[in-house]
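Numbering (the working numbering), first residue to last: 11 to 204. Using N, Cα and C, we set each Cβ at its ideal position, and we do this for glycine too.
And the structure:
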């Protein structure tokens, strides 16, 4: 089985994927894969974006991220480069262990084209205040302007998130999320979702 976990920044995707991973699923984290690709494709990225995001042969992710979240044009350019690489690498990882259950976790699951290989897609949804607080906790170095910039950069994907198979509200505690995930996995085992 391949599960796709998606949601806006701060919705609890990683927390949900971590819980599911405890039940024997292999986690494919698109953010981490993206970091690997940035390192592997340094030279090609410098050709596309120039040297302003590179230092000593390494892409400066914080600098690139800041620019990409501030510029829709740069974001589109980066996505056009990264999406095919992310999709290819994800498919290769799954092909290496086809008998295993996998979770693909990422905000841009649909845009990358990975929802089509998932047996079920799950959207984690949380209110704006909860997402903002979680983002601040995860990135204490970000000021409120940059947090709001990141949150607003995802406005365009809200409609896509609603096209998932399952919607899980995540405005409560970690224990409540664990209970919801357990019930979700129980429903899978009982064939509730087909």
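Inter-residue Cα distance where the pair is residue i and residue j
i: residue 162; j: residue 156; result: 10 angstroms
i: residue 202; j: residue 103; result: 28 angstroms
i: residue 24; j: residue 36; result: 13 angstroms
i: residue 75; j: residue 34; result: 32 angstroms
i: residue 144; j: residue 184; result: 12 angstroms
i: residue 173; j: residue 13; result: 14 angstroms
i: residue 83; j: residue 60; result: 15 angstroms
i: residue 189; j: residue 195; result: 10 angstroms
i: residue 15; j: residue 134; result: 7 angstroms
i: residue 58; j: residue 158; result: 27 angstroms
i: residue 85; j: residue 197; result: 37 angstroms
i: residue 146; j: residue 154; result: 8 angstroms
CA nearest to the CA of residue i, picked from the options
i: residue 199; options: 61, 121, 111; result: 111
i: residue 136; options: 118, 177, 100; result: 177
i: residue 38; options: 189, 150, 119; result: 119
i: residue 46; options: 22, 26, 71; result: 71
i: residue 97; options: 127, 68, 140; result: 127
i: residue 22; options: 93, 197, 186; result: 186
i: residue 89; options: 158, 30, 41, 188; result: 41
i: residue 193; options: 18, 30, 20; result: 30
i: residue 123; options: 20, 95, 18, 188; result: 95
i: residue 132; options: 51, 138, 116, 140; result: 116
i: residue 73; options: 125, 152, 108, 101; result: 152
i: residue 68; options: 54, 81, 79; result: 54
i: residue 129; options: 175, 158, 148; result: 175
i: residue 140; options: 181, 52, 197, 158; result: 181
i: residue 92; options: 121, 109, 108; result: 121
Where the alpha helix (DSSP H) through residue i begins and ends
i: residue 14; result: No alpha helix (DSSP H) holds residue 14; the beta strand (DSSP E) holding it covers 12-17.
i: residue 122; result: 119-122
Whole-number beta carbon distance between residue j and residue i, since they are thought to touch under 8 angstroms
i: residue 64; j: residue 56; result: 5 angstroms
i: residue 113; j: residue 27; result: 5 angstroms
Segment limits, beta strand (DSSP E) that includes residue i
i: residue 188; result: Taken as a continuous stretch (DSSP letters only), residue 188 belongs to no beta strand (DSSP E), being part of the alpha helix (DSSP H) at 184-199.
i: residue 101; result: No beta strand (DSSP E) holds residue 101; the alpha helix (DSSP H) holding it covers 82-106.
i: residue 36; result: 36-39
Jot down the residue ranges of each uninterrupted alpha helix (DSSP H) in the region 41-80, minimum 4 residues, whole runs only, in chain order. Runs found: 52-59, 71-80.
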